Amino acid sequence: MSTLPSNVQSATQPPTITSIEDVQGRADSRRIPINKVGIKEVYHPVRVKDRSRGEQHTVASFNMYVALPHHFKGTHMSRFVEILHGNEREISVESFREILIEMTRRLDAQSGHIEMEFPYFVMKKAPVSGVESLMNYKASLIGEFHGGEPELWLKVVVAVTSLCPCSKGISDYGAHNQRSHITIKARIDGHMWLEELIDIAEQEASCEVYGILKRPDEKFVTERAYDNPKFVEDIVRDVAVRMNDEARVLAYVVEAENFESIHNHSAYALIEHNKTAEPVQGD
12 MSTLPSNVQS ATQPPTITSI EDVQGRADSR RIPINKVGIK EVYHPVRVKD RSRGEQHTVA
72 SFNMYVALPH HFKGTHMSRF VEILHGNERE ISVESFREIL IEMTRRLDAQ SGHIEMEFPY
132 FVMKKAPVSG VESLMNYKAS LIGEFHGGEP ELWLKVVVAV TSLCPCSKGI SDYGAHNQRS
192 HITIKARIDG HMWLEELIDI AEQEASCEVY GILKRPDEKF VTERAYDNPK FVEDIVRDVA
252 VRMNDEARVL AYVVEAENFE SIHNHSAYAL IEHNKTAEPV QGD
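Going by our numbering, the sequence shown opens with residue 12, and the numbers climb by one from there.
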């Protein structure tokens, strides 16, 4: 019987596991910590709670980072993907929180950060005809873990119509309007529907936008915007008022960007506020 040379591995024999140096675990002498290190744009199926239908299934892009102390050379990149794929096939809001905690602890980090961005769909009815169409929104769950406690942020980007008050005020007829994006990012305490943030953005714009409009609907939205002109400054302030009145919102960032129809630039405004840092009454 012939035998294989000692340096040739049999096709049926599993490879021998040998000890391999952990290069990332080497010490680093530069003494410079890294705020975020990890992976970006990993796609994974997710389940998201839906106010009207219970839940919807979509696909999210994940960014996953941890803080790296100054004495470590690198982090273990493969562990991020292992953590993501080691959970249920479709990640939910509930498991998102646990993944954030697991990632931070498994990588021996003081803080962790996960962004889960996904398309979110809402069925909308046209304002006059009632014809239904799906509207898509860019939504995100953002998790921060530091000091032993997870923080959860919701974020939505909502397309709306804005009409210029100045144009209306100086024109004998007509006024320029444009499609705009309102972005709301809110740190929440308790449950909040994504649709609640979407509703606030659409209600504080000059008018909503829709997937399908019939002629009576088009007349309605045109006149609605004309009767409700707003600068970007008006939009962010009006949304901020709503955020201030919402007890479940602990902090927020509100942005408005108008993709101007008569300029080759956008108009932009931002308000950022941490309600937990407000002084106590009487102090």
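Don't be surprised by glycine CBs; every beta carbon is placed ideally from N, CA and C.
Please read these numbers as outputs of a predicted model, since none were measured by experiment.
In terms of residues, what are the limits of the beta strand (DSSP E) holding residue i?
i, result
"V139", "Run containing V139: none; DSSP gives neither H nor E here."
"G154", "143–157"
"E283", "277–285"
"I45", "45–61"
If you draw a straight line from the C-alpha of residue i to the C-alpha of residue j, how long is it?
i, j, result
"L165", "E229", "31 Å"
"D249", "E271", "20 Å"
"I45", "I112", "19 Å"
"K60", "Y131", "10 Å"
"V139", "P227", "6 Å"
"H157", "G123", "7 Å"
"I282", "Y221", "26 Å"
"I110", "V104", "10 Å"
"S40", "M75", "26 Å"
"K286", "A251", "11 Å"
"P161", "R108", "7 Å"
"T121", "D256", "Reading the sequence as shown, one finds Gln at residue 121 and not Thr. C-alpha separation (whole angstroms): 33 Å."
"E289", "Y263", "13 Å"
"G97", "G201", "26 Å"
"F129", "V142", "26 Å"
"F73", "W204", "20 Å"
"R116", "R90", "11 Å"
Answer with buried or exposed for residue i, where buried requires no fewer than 16 other C-beta atoms within 10 angstroms of its C-beta.
i, result
"H82", "exposed"
"L145", "exposed"
"E52", "exposed"
"A150", "buried"
"A258", "exposed"
"G154", "buried"
"K241", "buried"
"M127", "buried"
Assuming residue i and residue j are in contact, meaning their beta carbons sit under 8 Å apart, how far apart are those beta carbons, in whole angstroms?
i, j, result
"I211", "L261", "Incorrect: roughly 16 Å between the Cβ atoms, too far for contact."
"I102", "H55", "6 Å"
"V232", "I193", "About 16 Å; that fails the 8 Å criterion."
"Y237", "A186", "6 Å"
"E268", "R62", "With a Cβ gap of about 26 Å, E268 and R62 do not count as contacting."
"V247", "A278", "Incorrect: roughly 11 Å between the Cβ atoms, too far for contact."
"V48", "V77", "7 Å"
With residue i as the anchor, note down where its alpha helix (DSSP H) starts and where it stops.
i, result
"G201", "Premise fails: G201 is in no alpha helix (DSSP H) and is neither H nor E."
"N255", "243–256"
"E93", "88–96"
"F83", "Where F83 is concerned, there is no enclosing alpha helix (DSSP H), given that its DSSP letter is neither H nor E."
"E113", "104–117"
When DSSP labels each residue in this structure, what does residue i get in the three-state scheme?
i, result
"R190", "strand"
"Q67", "strand"
"Y237", "helix"
"S173", "strand"
"P130", "strand"
"A216", "coil"
"A38", "strand"
"P272", "Looking at the sequence provided, one finds Ser at residue 272 rather than Pro. Note: S272 maps to coil in three-state DSSP."
"S182", "coil"
"K225", "coil"
"A262", "strand"
"E289", "coil"
"E101", "coil"
"I31", "coil"
Does chain D have any CB closer than 9 Å to the CB of residue i?
i, result
"L205", "The structure shown contains no chain D, having only a single protein chain."
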